[in-house]
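Offset between the sequence shown (1-based) and our numbering: plus 18.
Glycine residues also receive a C-beta, built at the ideal position from the N, C-alpha and C atoms.
Below you'll find the structure, written out as structure tokens, and then a few comments.
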Amino acid sequence: MKELQDFQPLQLANLLAHETIAYYKLIGDDASVEECTQCNERIRQIERELESRRDPHERNILNRQYKLSPPEYSF
Numbered sequence: 019m020k021e022l023q024d025f026q027p028l029q030l031a032n033l034l035a036h037e038t039i040a041y042y043k044l045i046g047d048d049a050s051v052e053e054c055t056q057c058n059e060r061i062r063q064i065e066r067e068l069e070s071r072r073d074p075h076e077r078n079i080l081n082r083q084y085k086l087s088p089p090e091y092s093f
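Structure, rendered in structure tokens:
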């Protein structure tokens, strides 16, 4: 597999989608545990690479949104 650092984020997202589909196909075809594990590890590597490129502010944007807007109740 080409070094993940050489990919653009969109390419990584597409690769992640492709590998995820391949993983579920393996499961559906009753592939061996080793094949599924290898595919799953490739998925994890891509996810780690994408995560490493995210801006720290992006990582917590949903968390901040929920903290900033307290629940409102109407009676």
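I believe isoleucine 61 touches leucine 34 by the beta-carbon criterion, under 8 Å. Please report the beta-carbon distance rounded to the nearest angstrom.
In the sequence shown, counting from the first residue as 1, residue 61 sits at position 43. In the sequence shown, counting from the first residue as 1, residue 34 sits at position 16. 7 Å between Cβ atoms; contact.
Below 8 Å, can you find three or more Cβ-Cβ pairs linking the region 40 to 49 to the region 65 to 72?
The region 40 to 49, when compared against the region 65 to 72, does not touch it at the 8 Å Cβ threshold.
Specify the secondary structure class of serine 70 as computed by DSSP and reduced to three states.
As a position in the sequence shown, residue 70 is number 52, starting the count at 1. Three-state DSSP puts serine 70 in a helix.
With cysteine 57 and glutamate 37 assumed to form a contact (beta carbons below 8 Å), what rounded beta-carbon distance in angstroms separates them?
For this step, residue 57 is matched to residue 39 along the sequence shown. For this step, residue 37 is matched to residue 19 along the sequence shown. Contact flag correct, Cβ pair sits at about 6 Å.
Taking DSSP as the reference, what is the three-state secondary structure of threonine 47?
The residue you call residue 47 lines up with position 29 of the sequence shown. The question names threonine, but residue 47 in the sequence shown is aspartate. If DSSP states are grouped into helix, strand and coil, aspartate 47 belongs with coil.
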